[in-house]
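Read the structure below first, then the notes.
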Amino acid sequence: MLFNSLSFAAFIPVVYVIYLRLPLRWQNVFLLAASYVFYASWDWRFLSLILFSTAVDYWVGLRLPQTADGPRRTRLLLLSLSTNLGLLGVFKYFGFFAQSLGDLLTAIGFAVEPVTLRIVLPVGISFYTFQTLSYTVDVYRRRLEPEPDPVNFALFVAFFPQLVAGPIERAARMLPQIRAPRLIMRRDITAGLWYVLAGYYLKVFVADNLAPVADAGFSTSGPADGWGTLLGVYAFAFQIFGDFAGYSSIAIGIARLMGFHLTTNFLHPYIVSNPRDFWRSWHISLSTWLRDYLYIPLGGNSGGRRRLYRNLFLTMLLGGLWHGAAWTFVVWGVFHGSLLIAHRVSEARLRVSWLQGADLASKAWWGVKVVLMFQLTCVGWLIFRAPSFTALEQIVGNLARTTGLPTATHIVSALHILFYSWLAFLLQLMVFRRNGRTDLEGISPWIQAVLVAVMFYSILVWGSFGESPFIYFQF
Amino acid sequence: MTKHRDRRRSALTFILMLAGIGIAVRLLLVGNPWIWRFYAAKLRPADIGWRQYSAVRKKRDSFLPPPGKTPYLAVGSSQTGAIFLPYADRHPDLRMFTAAAMSPFDFVTHAQQIFRLGADTLLLYLSDFDLARQPERAALVLAPAQGLGIIALWRDLARAGGLGDYSSVMVELTVGELFSEFKYRFVFRGIAEKAFIRLAERLGPLHEAPATRSSIEERIALLRSSISREGIPFNMYFLERFLEQAVAAGRSVIVLEGQYSPIVSSPETRRIAEDVSGRMATLSHRLEGVRFVPRSEFRSFSESDYYDLTHVVPEAGYAYATALLELLRSHPAIPSAGSSDGSD
Chain A
2 MLFNSLSFAA FIPVVYVIYL RLPLRWQNVF LLAASYVFYA SWDWRFLSLI LFSTAVDYWV
62 GLRLPQTADG PRRTRLLLLS LSTNLGLLGV FKYFGFFAQS LGDLLTAIGF AVEPVTLRIV
122 LPVGISFYTF QTLSYTVDVY RRRLEPEPDP VNFALFVAFF PQLVAGPIER AARMLPQIRA
182 PRLIMRRDIT AGLWYVLAGY YLKVFVADNL APVADAGFST SGPADGWGTL LGVYAFAFQI
242 FGDFAGYSSI AIGIARLMGF HLTTNFLHPY IVSNPRDFWR SWHISLSTWL RDYLYIPLGG
302 NSGGRRRLYR NLFLTMLLGG LWHGAAWTFV VWGVFHGSLL IAHRVSEARL RVSWLQGADL
362 ASKAWWGVKV VLMFQLTCVG WLIFRAPSFT ALEQIVGNLA RTTGLPTATH IVSALHILFY
422 SWLAFLLQLM VFRRNGRTDL EGISPWIQAV LVAVMFYSIL VWGSFGESPF IYFQF
Chain B
10 MTKHRDRRRS ALTFILMLAG IGIAVRLLLV GNPWIWRFYA AKLRPADIGW RQYSAVRKKR
70 DSFLPPPGKT PYLAVGSSQT GAIFLPYADR HPDLRMFTAA AMSPFDFVTH AQQIFRLGAD
130 TLLLYLSDFD LARQPERAAL VLAPAQGLGI IALWRDLARA GGLGDYSSVM VELTVGELFS
190 EFKYRFVFRG IAEKAFIRLA ERLGPLHEAP ATRSSIEERI ALLRSSISRE GIPFNMYFLE
250 RFLEQAVAAG RSVIVLEGQY SPIVSSPETR RIAEDVSGRM ATLSHRLEGV RFVPRSEFRS
310 FSESDYYDLT HVVPEAGYAY ATALLELLRS HPAIPSAGSS DGSD
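Right, here's the structure in full:
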């Protein structure tokens, strides 16, 4: 049941109307049932996985406070870790590692037939396993009291707006909201509707309309077309932003209409001047998760520069692998890890002191860095979007062969990119200028009305209503 | 208190402004006759598609005063257009209401526009080509505004067993009832695309992908495969609904058994054609004011009359229409709807 499907258009009003009429206890039971229906709409068999993961973490969470420090406590944590990472390993990475091992053995002279299983990737597994894992780790670290109510806990794991593509919520933020009566104020309704509108705008106007340009650019069939590939990379940059930020925005909006406040997942990723700020603006719930449960446990930035670089590298490598079971994602993670390290190195050694104090020059330098960072991000998207290394090689080859001026066909593609992404860029600029505020509060009602009208009519007239799936569902 | 008042004022300004924009957009983009003249003049079938082009012209014409009465109106798809247009261009006693891929569902959704043209007798040229094929969704969604009739259309769709296949069409039609900007979005897309292309062409010619033409054998196979018994009940249901509406509106209807190029026929398509013909005959017997004319009672086209697999050349169409109208004038056997002595 995609957010941009007819079945969801029928599902959500029914759920919302019933939800509003129920008392708190029954609201949670009802939301849990609705969440399971939502999840089962992909494949009812996936429900067993989420139920299993929920049951294990609920039980471990309850047992941890009753268990004294020592090996028993560690074993409980390991049970949760192995269950969740085991599910991920089997359902997401088994085929990848089996194939890679087979390829490696073949390369060194041991021809083996890799064990392959036909396993369907359960939608959203990467999101909810990380969410439930964070709960157990927080309880283990005694930073969080376990949730005694199984319904509340199960709802925390399965809350349908953010179940299949985030934001990845923390128990410390969600569980209190689930337990307490939810007051839905007028500002929640207006903010919720705004996030839903913005989300659909980003998905059906920006992302789905740019998909054909991106697909053509990354196509490896037909003659080499350097300009087409270049335009495809830029189109993909806005497609993936529209697709993923759009999903998050719809999730945040629907949750807000129900009285829940979810984590902001995107700010202004293409208006940043360095890779660190990029990760503070892009998929924030994942990057903060990786920071809190991987980077800091590895030692973070304590223990010298070498350790810091190693930790950054490992965190981003695993962050890349989280996105998908393919070597291109690993390389993408390594690329971003390298960017973060390079940024740290340059920050420490290459201070551009002559610009300090010169306001205009410093703004111009900042602008140059933003443009440069966007180009580097696009290099990352090139790796990310390529279906394989062979395809990546061919696509890079196409880019290298870019000669002469673009043709009229390229100009049309460029106009499409501008037409479909201009407001997505302005929205990022608005968030940037308002120091990360993503709602409309405080903006003149005239501007609000124009913005809402432009987005509404863009969806209505130019929206692509083909029910195309969200890119991040595959992760 | 002041803060609360400010918030209310902001909310009111926002709502009024939004409503103002909505009204302005509606008037400017879809709600005036001049803009439709502009769209019809600027857009071509190659820009938006044949059926969409028909919809733009029909919308443009909807702003014109209704024409005076006329004896005959040919209603149907481009096949009907190919047959009757050469005659209608030269003779005032026949008018046309055609659109590419028009199916019986479209007859129902366009019924008021059809009746508005003031014809006494409607001519429908129908065969298994129209009644045994699944209607094109892209065409169905271009229906004009139905008003409250949309509820009856939902009911009819359910009765015709089409809720599974065509509910998305009905959702689009329903949204289009509220927002005609949505229904006619292909117009704005077409205009924008033309503007992009014009801008880009200043820099050089567009590299269009060469059009791939399928062989005659492939097209015959495709057409044959599109004709199946499964499509008959849905189409027959809506044909019956339209005929009932026509009779209720005081129109007579002549249903002419249609055909396509004989080279497409196969034993299976012939069986389906017989089935469709039988159903149309049964239907016409049941409805007063409706007459079915089988091919055997009038005339058939030969292979050489077709310039493709489904459309006849103008000369053949003119000859057919002339002969038909002469026959109708000399043998006014079609009773007007509601007359008590109607019989063949």
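From first to last, the protein sequence lines are chains A and B.
First residue of the first sequence? That's 2 in the working numbering, and the numbers climb one at a time after it.
First residue of the second sequence? That's 10 in the working numbering, and the numbers climb one at a time after it.
For each residue, glycine too, the CB sits at the ideal point set by N, CA and C.
For clarity, every value in this text was computed on a predicted model and none was experimentally measured.
For B/Val-34, at least one C-beta of chain A is nearer than 8 Å to its own C-beta. Chain order gives the chain A residues near B/Ser-19 as Ser-445, Pro-446, Gln-449, where near means a beta carbon separation below 9 Å. Against chain B, the beta carbon of A/Tyr-458 has neighbours under 7 Å at Val-34, Glu-190, listed in chain order. For A/Ala-181, the closest Cβ of chain B is not nearer than 8 Å. With a 10 Å radius around the Cβ and a threshold of 16 neighbouring Cβ atoms, A/Gly-381 comes out buried.
In the structure shown, the three-state DSSP call for B/Ser-339 is helix. With the criterion set as a beta carbon lying under 7 Å from some beta carbon of chain B, the members of the region 388-414 of chain A are Thr-408, Ala-409, Thr-410, Ile-412, Val-413, in sequence order. Below the 7 Å Cβ cutoff, chain B contributes no neighbours of A/Leu-25, its closest Cβ being approximately 28 Å away. With respect to chain A, the C-beta atom of B/Leu-149 has no partner C-beta closer than 8 Å.
Looking only at A/Gly-167, A/Glu-146, A/Thr-191, A/Pro-149, the smallest Cα-Cα distance to A/Ser-127 is reached by A/Gly-167. Between A/Trp-228 and chain B, the shortest Cβ-Cβ separation is not below 8 Å.
Annotated three-state conformation of A/Gly-300 is coil, per DSSP. Around A/Thr-130, the same chain offers Ser-54, Asn-85, Leu-86, Leu-88, Leu-89 as residues with beta carbons nearer than 8 Å, after the five sequence neighbours per side are excluded.
Any Cβ of chain B closer than 8 Å to the Cβ of A/Ala-454 would place that residue at the interface, and such an atom is present.
Our two residues, A/Ala-11 and A/Val-462, have alpha carbons roughly 21 Å apart in a direct line. At a cut-off of 8 Å between C-beta atoms, B/Thr-183 does not count as an interface residue with respect to chain A.
Sequence-distant Cβ neighbours of B/Gly-240 in its own chain, meaning closer than 6 Å and more than five residues away, are Ala-141, Arg-142, Gln-143. Here A/Ile-460 is buried, its C-beta having at least 16 other C-beta atoms within 10 Å. Close CB contacts of B/Pro-42 within its chain, under the 6 Å cut and outside five residues either way in sequence, are with Phe-72 (chain order). In this structure B/Leu-21 is exposed. Its beta-carbon is surrounded by fewer than 16 other beta-carbon atoms within 10 angstroms.
Leaving aside the five residues that flank B/Met-105 on each side, the residues in its chain whose CB is nearer than 7 Å to its CB run, in chain order, Ala-83, Gly-90, Phe-93, Leu-94, Ala-97. Going by C-alpha positions, B/Met-111 is about 35 Å away from B/Glu-210.
Contacts with chain B at 8 Å (Cβ-Cβ) include A/Leu-416. The beta-carbon distance between A/Arg-174 and A/Thr-265, rounded to whole angstroms, is 12 Å. This is too long to meet the 8 Å contact definition.
A/Ala-401 and A/Val-234 have their C-alpha atoms some 14 Å from each other.
Cβ neighbours of A/Trp-333 within its own chain (closer than 8 Å, five residues either side excluded): Gly-321, His-324, Gly-381, Ile-384, Phe-385. Per DSSP, reduced to three states, the secondary structure at A/Met-259 is coil, with no helix or strand assignment. In the DSSP assignment, A/Gly-325 falls outside any beta strand (DSSP E) and carries neither an H nor an E. At a Cβ-Cβ threshold of 8 Å, A/Leu-203 and A/Gly-243 count as neighbours.
The beta carbons of A/Val-207 and A/Ser-422 sit about 6 Å from each other, so the pair counts as a contact at 8 Å. The three-state reading of DSSP puts A/Val-165 in coil, since its state is none of H, G, I, E or B.
In this chain, the beta strand (DSSP E) harbouring B/Pro-80 covers 79-85.
Using a Cβ-Cβ cut-off of 8 Å, A/Trp-423 does not count as an interface residue toward chain B, since no Cβ of chain B sits closer than that to its own. Taking 8 Å as the cut-off, the beta carbon of B/Val-321 is found no closer than this to the beta carbon of B/Val-262.
Interface flag for B/Glu-210 against chain A is set, since a Cβ pair is found closer than 8 Å. Not flagged as an interface residue toward chain B: A/Val-207, since no C-beta distance is shorter than 8 Å.
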